[in-house]
Amino acid sequence: VHHIVTAGAYLWCLETHSLSALCVLGLVFEMPVVFMNLREFVVTFDKDMGGIIKNKIDTKFLPTTWNFILFTVLGCRYNATLIYIWSLIFWRDEVAELGPSSWFAYHILAIFFSVLNMYLTGLLFVWANQDMRKVKECRLSDARGELDKILDRDNKNGGGGGGDSKNSGDKN
């Protein structure tokens, strides 16, 4: 739906030669998608790529990617909402001078994409939570593997896993 609204906004701006800044904000609005696509690619094709998420080095990939997504969502998506609110407070006279169709388009697009931002941000928090759970599971799995290696090595060296003489089999 938002692609249809976006296409309509671009066509309207091209036709009326009005509110071209909305088109610029629309391009900036899409910046987080670059990082969301990277995340989606890795999460979707992780098994096919040999388990990037499960590699010890790359368990930092998802948290780092989410930091970039958060930064770009705040800086590139919410900036338009902040500019809209600013315009309602400080540019009231300039906004009132817009023609009826420009005034209507300005408010409808600002409200539509602000609501879309809030919805998308909630969805991103759900995805980030799921991804961080995967990373935590991978780190726990690595830690369990390391612990198993230590216990196996201890058992092979005759340590018996505890060194407590009561449990070593002597009944003296």
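In case it helps, this note's numbering puts the sequence shown at residues 145 to 316.
Glycine residues also receive a C-beta, built at the ideal position from the N, C-alpha and C atoms.
Can you tell me whether residue i is buried or exposed? The criterion is at least 16 other CB atoms within 10 Å of its CB, across all chains shown.
i, result
"Phe173", "buried"
"Tyr228", "buried"
"Phe269", "exposed"
"Asp237", "exposed"
"Pro207", "exposed"
"Leu226", "exposed"
"Val178", "exposed"
"Met276", "exposed"
"Trp235", "exposed"
Along the chain, where does the alpha helix (DSSP H) that runs through residue i open and close?
i, result
"Val217", "Segment: none, Val217 is in no alpha helix (DSSP H) and carries neither H nor E."
"Val172", "Ser164 to Phe173"
"Gly152", "His146 to Thr160"
"Glu238", "Arg236 to Ala240"
To which residues of the same chain is residue i closer than 8 Å at the C-beta, ignoring the five residues directly before and after it?
i, result
"Tyr222", "Asn261"
"Ala153", "Leu166, Cys167, Gly170, Ala249 and Leu253"
What separation, rounded to the nearest whole angstrom, lies between the Cα atoms of residue i and residue j?
i, j, result
"Lys280", "Ala287", "10 Å"
"Thr160", "Lys278", "49 Å"
"Leu158", "Ile148", "15 Å"
"Lys300", "Met175", "55 Å"
"Asp314", "Asp296", "The pLDDT assigned to Asp314 is 49, lower than 50, so where the model puts this residue is not dependable, and the model offers no usable value."
Less than 7 Å between C-beta atoms, sequence neighbours within five positions excluded: which residues of the same chain meet that for residue i?
i, result
"Ser164", "Cys157"
"Cys220", "Val172, Phe173, Met175 and Pro176"
Sufficient close CB pairs (3 or more, under 8 Å) joining the segment 241-257 to the segment 163-174: In the pairwise beta carbon analysis, the segment 241-257 is classified as touching the segment 163-174: at least three pairs are separated by under 8 Å.
Segment contact, 8 Å Cβ cut-off, at least three pairs: the segment 282-292 with the segment 173-187: Cβ pair count under 8 Å is below three, so no.
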